[in-house]
Amino acid sequence: MSHIIDLRSDTVTRPTPAMREAMRSAPVGDDVYGEDPTVERLQASAAERLGHEAALFFPSGTQSNLVALLTHCGRGDEYLVGSDAHTYRYEGGGAAVLGGIQPQPVPSNEDGALDLDAAESLVKPRDPHFARTRLLCLENTWHGRVQALDTMAAAAAFARRHDLAVHLDGARVANAAVALDVSLARIGALFDSVSLCLSKGLGAPVGSILCGRAAWIEEARRWRKVVGGGMRQIGVIAAAAELALTDGFGGLARDHRLAGELERALATVLTDRCCGIDVRSGWTQSNMVWLDVDTRHGESLPSVLREHGVHVGSGRGALRLVLHRDIPDDAPSRVAAAFADYLRRAPDH
Ligand SMILES: *Cc1c(COP(=O)(O)O)cnc(C)c1O
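Residue numbers for the sequence shown follow our numbering, so the first one is 303 and each next one is one higher.
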């Protein structure tokens, strides 16, 4: 299927032959008993990379974020979170549903940084009228946009001033580290806990990692069991995840380069607001290119692109093109040609 260019998400990558081989031969045990050597090795190496004491393997990023929230906050507590953050908008409200944790959305600036002045006014006084504000949750990358070290450090300092813990939803923190040209540990050091998805650009078929202090991770292990995330001979999956952290990490710079090439190739086709499809300038900072797409293209554009073997989501107003390991090197020119063909054929632009 290598002729297909699937730009919908970096979650669509297939395990590499090396991953399949590692999965076949992985030593395993019952991980609920802490007896799976492959999981243990993955967790140790992930903790070391992020500069944290301990790490825990999860089936999904949603569950690792949920467990982070359950571990930091109790019933009647509150967490501050970007109003367009994944944990707030795209995880089914799990912290409220399952933990009695109130989200307090905070407006974010256009670059994804939280408005700390607004956040300041949203921290609740210690008074029985209010939920207890306990935690600040950040996200990096945010819609493919990279939060700078200074931005993250300022938010973390704000949290410490208010005696709040800080969690990073780092589903794509590996992309952020590559884009910032810093180690994962440099970012990890700013946070009490970090979640990281292994199944996105890093290319594992399944899995997410949560890092933190050892005692905190022990508590998180309990919550993972409570939400049904205790898994058994899961070394078969962890073996692929280990390769995601090594080989997968090494491939991200190429995805970012390809995103830049795609942006430039599209700019030659989508000239000067020609047609209600515009590249969002300044948004290509990691492995995503964003387009603003007039609603009149909503259905016809994806279907014409699909004829060219280019798969995109059906965005409402905005379209995100996500580069990843299974995107071929010649994708930028092929995708630009598919857009050009669409514009030739579209009757009304
Ligand atoms: C994908 C994603 C998650 C959740 O990960 P799943 O493995 O899909 O549950 C969390 N946060 C962000 C920012 C994501 O992009």
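Note that CB positions come from ideal geometry on N, CA and C, so glycine has one too.
- prompt: Relative to ligand 1, is the shortest distance from any of its heavy atoms to the C-beta of Thr-315 smaller than 7 Å?
  reply: Short note on Thr-315: C-beta not closer than 7 Å to any heavy atom of ligand 1.
- prompt: For Ser-497, which of helix, strand or coil comes out of DSSP?
  reply: Three-state result, Ser-497: strand.
Bridge-paired residues (DSSP) for Glu-380: DSSP lists Gln-404, Thr-435 as the beta-bridge partner residues of Glu-380.
- prompt: Ala-370: beta carbon under 7 Å from a heavy atom of ligand 1?
  reply: Checking every heavy atom of ligand 1 against the Cβ of Ala-370, none is found closer than 7 Å.
query: Per the contact definition of three or more C-beta pairs closer than 8 Å, is the segment 386 to 399 in contact with the segment 438 to 447?
result: By the Cβ rule, the segment 438 to 447 counts as touching the segment 386 to 399, because three or more pairs are nearer than 8 Å.
message: Is Arg-326 close to ligand 1? I mean its beta-carbon at under 7 Å from any heavy atom of the ligand.
response: Remark: the shortest separation between the CB of Arg-326 and any heavy atom of ligand 1 does not fall under 7 Å.
task: Report yes or no: do the segment 347 to 361 and the segment 506 to 519 share at least 3 C-beta pairs separated by less than 8 Å?
output: Using a C-beta cut-off of 8 Å, the segment 347 to 361 makes contact with the segment 506 to 519, since at least three inter-stretch Cβ pairs fall below that distance.
message: Is the beta carbon of Arg-310 closer than 8 Å to that of Val-595?
response: In this structure, Arg-310 does not lie closer than 8 Å to Val-595 by Cβ.
field: Rounded straight-line distance, which links the Cα of Asp-557 to that of Ala-320
entry: Cα to Cα, Ala-320 sits roughly 20 Å from Asp-557.
- request: Quick one: which unbroken alpha helix (DSSP H) runs of 4-plus residues sit fully inside the segment 345 to 397? Chain order, please.
  value: For the segment 345 to 397, whole alpha helix (DSSP H) runs of length 4 or above, ordered along the chain, are 363 to 374, 388 to 391.
- request: Helix, strand or coil for Ser-605, going by three-state DSSP, please let me know.
  value: Ser-605 carries a helical assignment under DSSP once its states are collapsed to helix, strand and coil.
- request: Please name the residue or residues paired with Val-614 in a DSSP beta bridge.
  value: Here Val-614 is not bridged, per DSSP, to any residue.
query: How about Val-571 and Ala-620: are their beta carbons less than 8 Å apart?
result: No. Outside cutoff.
field: Cβ pair Ser-497, Val-508 closer than 8 Å
entry: No, Cβ-Cβ distance for Ser-497 and Val-508 is not below 8 Å.
Cys-513 beta carbon near ligand 1 (any heavy atom closer than 7 Å): Taking 7 Å as the cut-off, one finds no heavy atom of ligand 1 near enough to the beta carbon of Cys-513.
message: With a threshold of 8 Å, are at least 3 pairs of Cβ atoms found where one atom belongs to the segment 545 to 563 and the other to the segment 515 to 532?
response: Too few Cβ pairs lie closer than 8 Å, so no.
The beta strand (DSSP E) enclosing His-599, as first and last residue numbers: For His-599, there is no enclosing beta strand (DSSP E), as DSSP marks it with neither H nor E.
Alpha helix (DSSP H) segment containing Arg-515, residue limits: Here Arg-515 belongs to no alpha helix (DSSP H), and DSSP marks it neither H nor E.
message: Going by DSSP, what residue range makes up the beta strand (DSSP E) through Ile-579?
response: Ile-579 -> beta strand (DSSP E) spans 579 to 581.
- prompt: With respect to 7 Å, is the separation between the Cβ of Glu-342 and the closest non-hydrogen atom of ligand 1 below this value?
  reply: Flag unset: Cβ of Glu-342 not near ligand 1.
message: Between the alpha carbons of Leu-593 and Arg-582, how many angstroms are there, rounded?
response: For Leu-593 and Arg-582, the distance between alpha carbons rounds to 5 Å.
- prompt: Pairing CB atoms from the segment 337 to 349 with CB atoms from the segment 400 to 407, are three or more of them under 8 Å?
  reply: By the Cβ rule, the segment 337 to 349 does not count as touching the segment 400 to 407, because fewer than three pairs are nearer than 8 Å.
field: Delimiting residues of the beta strand (DSSP E) encompassing Val-624
entry: DSSP places Val-624 in the uninterrupted beta strand (DSSP E) bounded by 620 to 624.
task: Can you give me the start and stop residues for the beta strand (DSSP E) that Val-468 sits inside?
output: That run of the beta strand (DSSP E) goes 467 to 472.
query: What did DSSP end up calling Trp-525 once you bin it into helix, strand or coil?
result: Helix, per DSSP.
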